[in-house]
Structure formats: structure tokens, C-alpha cells
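Per this note's numbering, the sequence shown runs over residues 22 to 191. Ideal placement from N, C-alpha and C gives every residue a C-beta, glycine not left out. In this text the structure is predicted, and so the values were computed from the model without any measurement. A short write-up of the structure that comes next.
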Amino acid sequence: MIVDAIATVLGGVLLLRFWMQAIRVRPPASVAQFTFTLSDWLVRPLRRLVPGVGGYDWASLIGAFLVVFLASSVLFLSGLSGTTVFLMALYRFLSWILYGFMALLVVEAIFSWVNPHAPLAPLVRALNDPLLRPLRKVVPLLGGLDLSMLVALILLQIAHLLLGMAFGFR
């Protein structure tokens with residue numbers, strides 16, 4: 022359980038690092054320092070093997086998968102095959118991505134209710150914008166209320182359900 026918790030935090034930071042660089046968001050200094058300090062030990066050596074291509078930090082994404090794979094490798098001890106462990110790691114990795122997007126949407130909703138001018142609110146809005154922008158074109162405002170966040174959460178949950186079904190875990 023401790024290994025899983027550590028892997029989840031580290032994997033989440035690596036995925037956040039990838040997403041911030043993919044959509045070219047400049048985080049506040051405190052977030053950048055936390056993210057880079059926690060992940061540089063893995064990303065820098067991986068960059069020598071996997072350079073960034075197309076403006077994407079592939080080393081961060083591959084690092085996140087390596088973290089989840091290593092955390093899942095504990096299942097080898099229970100007698101599962103390497104293929105099964107790899108598929109479970111891939112499922113967990115994709116689940117982390119979906120749960121990360123869900124968490125960002127929830128954090129933005131909380132900021133909008135509690136303190137829309139919080140120092141991290143612009144960062145969270147920028148991280149969610151690529152998800153919400155297409156939905157805002159389709160989902161109409163209802164009495165001035167933007168339901169695109171709710172629609173995005175529902176779509177992400179459906180995607181997670183379909184992912185579980187595709188991997189045979191649901």
C-alpha cells in the first residue's frame with residue numbers, strides 16, 4: 022500500500038509535468054519547483070534515451086509509465102505472468118490519466134465556488150481548458166450556468182468504464 026501511494030504521487034507529478042509542457046502552461050514558481058524537484062531524478066536520465074519530439078516531454082510520460090509498471094511488478098510475486106502484469110500496469114497508467122483529469126476538474130470547480138482568484142486557479146483553468154473548450158462549443162449555458170465541467174466529468178467516467186471493460190477488469 023505504501024509503494025502504491027508513493028507511485029501514485031510520483032506518477033501524478035510526472036503526468037502533470039507532461040501535461041503542463043504539452044499545453045505550454047507556465048506554472049507558478051512553487052508548483053514548478055515542486056514538480057521538477059520531485060521528478061528530475063527520473064526525467065533527466067530518460068531524456069538522454071528519449072528526447073522530446075514534437076514539443077512533447079516524452080521522458081516524463083514514459084517515466085510515469087515506468088513508475089506504474091514498477092509498482093505493478095509486485096504482482097509478479099503473486100504468480101501472474103509478465104504479460105498480465107504489463108496489461109494491468111497499462112490499465113492503471115491510463116486510469117491515472119483519466120483520474121488526473123477528473124481531479125483537475127474537481128479542483129477547478131472548488132476554486133470557482135470558494136475562491137476564484139486563488140493563486141493556483143489560473144493554472145488549473147489553463148490545464149483544464151483543452152478539455153473544456155470543445156465541450157463549451159457544444160454544451161449550451163443554462164441560465165448562465167456552465168455545465169461543461171459536469172459533462173466532462175461524466176465523459177471521463179464513461180471513458181474509465183469503457184477502459185475497464187476493454188481490459189476485462191469490469
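Is it true that the CB of Gly32 sits closer than 8 Å to the CB of Val88? The residue you call residue 88 lines up with position 67 of the sequence shown. The residue you call residue 32 lines up with position 11 of the sequence shown. Against a cut-off of 8 Å, the Cβ pair of Gly32 and Val88 comes out as a contact.
Consult DSSP for Val30 and reduce its assignment to one of helix, strand or coil. Here residue 30 corresponds to residue number 9 of the sequence shown, with the count starting at 1. Of the three classes helix, strand and coil, the one that applies to Val30 here is helix, per DSSP.
Supposed close pair Leu119, Leu156 - CB separation, criterion 8 Å: For the purposes of this step, residue 119 is identified with residue 98 of the sequence shown, where counting begins at 1. For the purposes of this step, residue 156 is identified with residue 135 of the sequence shown, where counting begins at 1. The Cβ separation is near 16 Å, so there is no contact.
Return the chain-ordered list of same chain residues with a C-beta closer than 6 Å to the C-beta of Leu59, the five sequence neighbours on each side being excluded. Here residue 59 corresponds to residue number 38 of the sequence shown, with the count starting at 1. Excluding positions up to five away in sequence, the list reads Val34.
Based on the DSSP secondary-structure assignment, which residues constitute the bridge partners of Leu166? For the purposes of this step, residue 166 is identified with residue 145 of the sequence shown, where counting begins at 1. The partner list for Leu166 (beta bridge, DSSP) reads Leu163.
By the three-class DSSP mapping on this structure, what secondary structure does Val46 have? Walking along the sequence shown from the start, residue 46 turns up at place 25. Three-state DSSP puts Val46 in coil, outside helix and strand.
Contact check, Tyr112 vs Leu63 under 8 Å by CB: the rounded distance? Counting from one through the sequence shown, the residue named residue 112 turns up at place 91. Counting from one through the sequence shown, the residue named residue 63 turns up at place 42. Actually they are not in contact, since the Cβ atoms of Tyr112 and Leu63 sit about 22 Å apart, beyond 8 Å.
Pull up the distance between the alpha-carbon of Phe107 and that of Gly100, whole angstroms please. Looking up residue 107 in the sequence shown gives position 86. Looking up residue 100 in the sequence shown gives position 79. So the two alpha carbons sit approximately 13 Å from each other.
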